[in-house]
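Right, one structure below, let's go through it.
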Ligand code: KIV
Ligand code: NA
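Residue numbers (UniProt numbering): 1 to 275.
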């Protein structure tokens, strides 16, 4: 299993880091077997798995429940779990308890927190307590309500300069990696060059140290619409829908089940049926 130092070495060597989300046992097995470098149990699970319209309703219990399933499917992959909405803002004590619960009960190797400002001090407190932390700047979905929706962030020189400062502070506070979401590619490149920890982009261009995408977006699995930064690498919906329709058709027409799918009773035991 790769460690936080391995991710740092990958950045130094110019080797791209591939992170993918996973939320359950089969997804984790697929991600690990395919060879992703890191799995994120994202609170995006609220949207892509549980059908909420934002990540706000996701609880610590949800994150623990899903991370445990991911752990069982990917025993040999570094797992980062999101701290959910409002579980690390009220106080540093609450942030410690939230991260402590998630790591102890689920087995996550690290946690991810969204935002700059006061959250950066929380990164420091968590790191000092032994919790490896990933920062997350740019579009931060937990605060989408305040940002005015899911929009490209830091498009002006002033906002870009502020983001670069926050990125540096995240590194200084002890974050071992930083996710940058939905920002201009020029800024993704600039941040990656100005800090020493790996920058994992999602909609942040090709010049970050790695990429992260949501499992369901990558394989087209139950998502209604996807952001511009998503590429469709497979189409599970299409294949699953084809299979389910075929199952219905074969049952209705009596084509399924066939002899090979059925169990047989020995001839001599059948007498009771036929008298
Ligand atoms: O929850 C999530 O999937 C994320 C990624 C989009 C970075 O935070
Ligand atoms: Na998230």
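Where a beta carbon is used, it is the ideal one built from N, C-alpha and C, also for glycine. This structure is a prediction, so every number in the text was calculated from the model and none was measured.
Item, Value
"For residue 212, the three-state DSSP class (helix, strand or coil)", "strand"
"Beta-carbon contacts of residue 194 that lie in its chain and below 8 Å, excluding the five residues immediately before and after", "164, 167 and 168"
"Inside the stretch 139-197 only - alpha helix (DSSP H) runs reaching at least 4 residues", "144-147, 157-173 and 185-194"
"Beta-carbon proximity check, residue 18 vs residue 210, cutoff 8 Å", "yes"
"Rounded separation between residue 135 and residue 122 - CA only", "10 Å"
"Three-state secondary structure (DSSP) of residue 244", "helix"
"8 Å contact criterion, which residue 219 and residue 229 should meet: CB distance rounded", "Actually they do not touch by this definition, with Cβ atoms about 16 Å apart."
"The ligand KIV heavy atom lying under 7 Å from the CB of residue 202", "yes"
"For residue 231, the nearest candidate out of 116, 203 and 21 (CA to CA)", "203"
"Environment of residue 129 [buried if 16+ CB atoms lie within 10 Å]", "exposed"
"Beta-carbon proximity list for residue 280, same chain, < 6 Å, skipping 5 on both sides", "As shown, the chain starts at 1 and ends at 275. That puts residue 280 outside it, with no answer to give."
"In DSSP terms, what residue 200 is bridged to", "179 and 210"
"Contact test: residue 44 Cβ vs the ligand NA heavy atom, cutoff 7 Å", "yes"
"Contact check, residue 180 vs residue 199, beta carbons under 8 Å", "yes"
"Complete runs of the beta strand (DSSP E) confined to the stretch 9-68 [at least 3 residues]", "17-21 and 38-41"
"Residue 83 - DSSP class collapsed to helix/strand/coil", "coil"
"Check whether residue 99 and residue 79 have beta carbons under 8 Å apart", "no"
"Within 8 Å, strictly: CB atoms of residue 91 and residue 64", "no"
"CB contact flag (residue 119, residue 113, <8 Å)", "yes"
"Member of 73, 77 and 43 whose CA lies at the smallest distance from the CA of residue 35", "77"
"Three-state class that DSSP yields for residue 271 in the structure shown", "helix"
"Contacts around residue 58, its chain only, beta-carbon distance under 7 Å, and the 5 residues preceding and following it disregarded", "43, 45, 46, 84 and 85"
"Nearest residue (CA-CA) to residue 208, options 188, 223, 56 and 156", "188"
"Residue 132 versus 89, 237, 201 and 170, residue with shortest Cα-Cα distance", "170"
"Contacts around residue 247, its chain only, beta-carbon distance under 8 Å, and the 5 residues preceding and following it disregarded", "256"
"Reference residue 2, options 150, 137 and 75, closest by Cα", "75"
"For residue 112, the first and last residue of its enclosing beta strand (DSSP E)", "110-112"
"Closer than 7 Å: residue 66 CB and nearest the ligand KIV heavy atom", "no"
"Three-state class that DSSP yields for residue 100 in the structure shown", "helix"
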